[in-house]
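A.B. asks: Note that the sequence shown ends on residue 219 in this note's numbering; no numbers are left out. C-beta: ideal position from N, C-alpha, C; glycine also.
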Amino acid sequence: MEPYKAVIFDLDGTLLDTLADLAASLNAVLTRHGYGPQPLHAVRRYLGNGAERLCRLALPKSVKEEEFQTIFNEFKAYYKDHCHIATKPYDGISGMIDELKKNNIRLAVVSNKPDEFAGEVVKKYFDDKFEITYGQRPNHAVKPDPRTVYEVIDYLKVSKEECVYVGDSDVDMLTAKNANVKSIGVAWGFRGEDELINAGANHIIQNPNELLELIK
Numbered sequence: 004m005e006p007y008k009a010v011i012f013d014l015d016g017t018l019l020d021t022l023a024d025l026a027a028s029l030n031a032v033l034t035r036h037g038y039g040p041q042p043l044h045a046v047r048r049y050l051g052n053g054a055e056r057l058c059r060l061a062l063p064k065s066v067k068e069e070e071f072q073t074i075f076n077e078f079k080a081y082y083k084d085h086c087h088i089a090t091k092p093y094d095g096i097s098g099m100i101d102e103l104k105k106n107n108i109r110l111a112v113v114s115n116k117p118d119e120f121a122g123e124v125v126k127k128y129f130d131d132k133f134e135i136t137y138g139q140r141p142n143h144a145v146k147p148d149p150r151t152v153y154e155v156i157d158y159l160k161v162s163k164e165e166c167v168y169v170g171d172s173d174v175d176m177l178t179a180k181n182a183n184v185k186s187i188g189v190a191w192g193f194r195g196e197d198e199l200i201n202a203g204a205n206h207i208i209q210n211p212n213e214l215l216e217l218i219k
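#1: From Ala179 to Pro147, what does the alpha carbon distance come to, in whole angstroms?
#2: Give the range of the alpha helix (DSSP H) segment to which Pro211 is assigned.
#3: Span of the beta strand (DSSP E) holding Ala9?
#4: Between the beta-carbon of Gly192 and the beta-carbon of Thr17, is there less than 8 Å?
#5: Could you tell me how far apart the beta carbons of Val125 and Leu214 are, in whole angstroms, since I believe they sit closer than 8 Å?
#6: Just confirm the distance between the C-beta atoms of Pro149 and Ala182, as a whole number of angstroms; I'd bet it's less than 8 Å.
#7: Suppose you measure from the CA of Ser28 to the CA of Gly170; what does that come to, to the nearest Å?
#8: Is Val155 closer than 8 Å to Tyr137 when the C-beta atoms are compared?
#9: With distances taken from CA atoms, which of Ala23, Thr151, Gly37, His44 is nearest Arg194?
#10: Using 8 Å as the threshold, is the C-beta distance between Gly185 and Val167 below it?
#11: Given a cut-off of 8 Å, decide if Lys104 and Lys132 are closer than it, judged by their beta-carbon atoms.
#12: Ordered along the chain, which non-local residues of its own chain (more than five positions away) have a Cβ less than 8 Å from that of Glu165?
#13: For Ser172, collect the residues of the same chain with a Cβ closer than 6 Å to its Cβ; drop the 5 residues on either side in sequence, then sort them by chain order.
#14: Would you list the residues sitting across from Arg168 in a DSSP beta bridge?
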């Protein structure tokens, strides 16, 4: 790979293992409303397209919109208070981020996690090492729409050829393709290597140190 000036990361399943807290929050609210809890493997499949999509997939299609909005809002409130119980960076992530910073690589996050949560957790676990974080914002298209990636590229003042997008799902690989930037899939995330291969990842890595080798 050519040397890069910037790396744009997905968040959940790429930098942070958030699955347990998301599943626990979802199931607490589902149970409160009389719906059965979702197994962890199902929640893993539902993730990647934002919190609203997560809740819709976890509920019967017959649920009325008013009830859905109530459940969705309760999920966001519950998760806000319970999002740091089991969540942690994947092994090797913090060291990788430090090395990228030492090599003057610009760092950003583009996630489908609600924006109010994305910025908070990036700050908590990575301090100020990321220059900009965008989550899912009202009236903004979610990934795989490339427009938020374009915003980051403009903010960092780099070209598409000078940045790479890193994520764990087919949504992430398609986001990179739509934005016309190279993609790196991480095999340790929520979806696994087969999905990344099928989604056309330019590269797939098994651990964070491999990213350092590709970027330098």
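C.D. replies: By the coordinates alone:
#1: One C-alpha to the other measures close to 8 Å.
#2: 211 to 218
#3: 9 to 12
#4: yes
#5: The pair is not a contact, with the Cβ atoms about 17 Å apart (cut-off 8 Å).
#6: 4 Å
#7: 23 Å
#8: In this structure, Val155 lies closer than 8 Å to Tyr137 by Cβ.
#9: Closest by alpha carbon: His44.
#10: The sequence given here places Lys at residue 185; Gly does not occur at that position. Taking 8 Å as the Cβ cut-off, Lys185 and Val167 qualify as a contacting pair.
#11: yes
#12: Tyr7, Lys8, Ala9
#13: Same-chain partners within the cutoff: Gly51, Arg194.
#14: For clarity, residue 168 is Tyr in the given sequence; the question names Arg instead. Bridge partners of Tyr168: Ile11, Ser186.
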